[in-house]
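Each residue of the sequence shown is one higher than the one before, counting from 1 in my numbering. Notes to accompany the following structure.
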Amino acid sequence: MQSKFNLRRLIGGWGATVVYSLKALVLASVLLGSSTSALASSTSHWLEALTWTEVRDRVAAGSTTILVPIGGTEQSGPHLVLGKHNVRARVLADEIAKRLGNALVAPVIAYVPEGAITPPAAHMRFAGTISISDAAFESMLESTARSFKQHGFRDVVFLGDHGGYQKNEERVAQRLNREWAKDPSCRVHALLDYYRVTQTTYVAALRAQGFTDNEIGQHAGLADTSLALAVDPALVRKDLMVAATTSDKALGVSGDPRQSTAELGQIGIQKIIQTSVAAIQGLTRQPRHSEK
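Listed below in structure tokens is the structure:
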């Protein structure tokens, strides 16, 4: 019995040593990961990943363009998640900023006009959709732009991923640019080309692939779903994709998503990025009133 007892003590001691060593290894890994994350954050172009002094220094060093990605929380049929626009706006803004080289990216705006709340209209007829008034949305955009002007950004760019509020973006940009007409320090741009691509050249590219307008659709159809697959397949419930027949329109789908692929979505993703980068570069290079 004594030998067995000693053996157990030996095994127990060895086990404790192994557990301690593993804990130390895990802790070292966490600390190393935290250090790496901190380093990545300090060089990030995401505003929310930076400290205020890092933002100040980045602006002073020439990162004077701020992208404001705008998404929305809305239904997109039974097969697309409610945050589809938010994820897409974030991923695309990230890629656009990388290619510009002198831009930071604001947090994604996820609350947008989606229709009357009571009685519910448009997307508000479907559970989970969040809607705010046009006035509240425009006030949020205006205050956001004013904040960035105060911090020294020279170009504020609205990137709207949703078609329903493009005119709101445009109104805010025009209103502020009129107010700041004699102050060349900051301009606001509603980059309508960012969204327009999804309704024009991307649709044309899908038609060239042999797809019909009924398949491509206007909302949660082949075009919309393919973009989601290209951004993040987790946004799509493939087993729930349905065609928008007359009876299926009650599910919030316009089009037929069943042939959607990430490859088709990449066509649109690249068109959006390339068009947006070119447009922003053109806008930011334009002379300002006092610089002409």
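Every residue, glycine too, gets a C-beta built ideally from N, C-alpha and C.
CB contact flag (residue i, residue j, <8 Å)
{"i": "residue 64", "j": "residue 106", "result": "no"}
{"i": "residue 259", "j": "residue 222", "result": "yes"}
{"i": "residue 131", "j": "residue 114", "result": "yes"}
{"i": "residue 165", "j": "residue 112", "result": "yes"}
{"i": "residue 204", "j": "residue 189", "result": "no"}
{"i": "residue 96", "j": "residue 273", "result": "yes"}
{"i": "residue 299", "j": "residue 45", "result": "Since the first and last residues shown for the chain are 1 and 292, residue 299 lies out of range."}
{"i": "residue 242", "j": "residue 251", "result": "yes"}
{"i": "residue 271", "j": "residue 201", "result": "yes"}
{"i": "residue 88", "j": "residue 191", "result": "no"}
{"i": "residue 72", "j": "residue 110", "result": "yes"}
{"i": "residue 69", "j": "residue 49", "result": "no"}
{"i": "residue 224", "j": "residue 76", "result": "yes"}
{"i": "residue 171", "j": "residue 138", "result": "yes"}
{"i": "residue 275", "j": "residue 197", "result": "yes"}
{"i": "residue 301", "j": "residue 123", "result": "No statement about residue 301 is possible, as the shown extent of the chain runs from 1 to 292 and does not include it."}
Where residue i sits in the DSSP three-state scheme
{"i": "residue 189", "result": "strand"}
{"i": "residue 180", "result": "coil"}
{"i": "residue 212", "result": "coil"}
{"i": "residue 314", "result": "With the chain covering only 1 through 292, there is no way to say anything about residue 314."}
{"i": "residue 30", "result": "Caution applies to residue 30, whose pLDDT of 43 falls short of 50 and renders its modelled position unreliable; the value that the coordinates give is listed next. Helix."}
{"i": "residue 37", "result": "Only weak support is given to the placement of residue 37: the predicted model assigns it a pLDDT of 48, under 50, and the question is left unresolved by the model."}
{"i": "residue 43", "result": "coil"}
{"i": "residue 64", "result": "coil"}
{"i": "residue 242", "result": "coil"}
{"i": "residue 201", "result": "helix"}
{"i": "residue 144", "result": "helix"}
Distance between beta carbons of residue j and residue i, contact taken as under 8 Å
{"i": "residue 168", "j": "residue 134", "result": "6 Å"}
{"i": "residue 82", "j": "residue 128", "result": "5 Å"}
{"i": "residue 90", "j": "residue 108", "result": "5 Å"}
{"i": "residue 256", "j": "residue 217", "result": "7 Å"}
{"i": "residue 156", "j": "residue 186", "result": "7 Å"}
{"i": "residue 78", "j": "residue 240", "result": "5 Å"}
{"i": "residue 80", "j": "residue 220", "result": "5 Å"}
{"i": "residue 233", "j": "residue 262", "result": "7 Å"}
{"i": "residue 100", "j": "residue 280", "result": "6 Å"}
{"i": "residue 253", "j": "residue 153", "result": "Incorrect: roughly 39 Å between the Cβ atoms, too far for contact."}
{"i": "residue 176", "j": "residue 264", "result": "Incorrect: roughly 37 Å between the Cβ atoms, too far for contact."}
First and last residue of the uninterrupted beta strand (DSSP E) at residue i
{"i": "residue 158", "result": "155-160"}
Residue i at chain C interface by Cβ criterion, 8 Å
{"i": "residue 277", "result": "Of the chains in the structure shown, none is chain C; there is only one protein chain."}
Bounding residues of the alpha helix (DSSP H) (the contiguous stretch that carries residue i)
{"i": "residue 263", "result": "262-285"}
{"i": "residue 56", "result": "52-60"}
{"i": "residue 226", "result": "222-231"}
- [ ] Run through the stretch 69-103 for me and flag every whole alpha helix (DSSP H) of 4 or more residues, listed as ranges in chain order.
- [x] 84-100
TODO: Ignoring anything shorter than 3 residues or poking outside the stretch 98-141, list the beta strand (DSSP E) runs there in chain order.
DONE: 103-105
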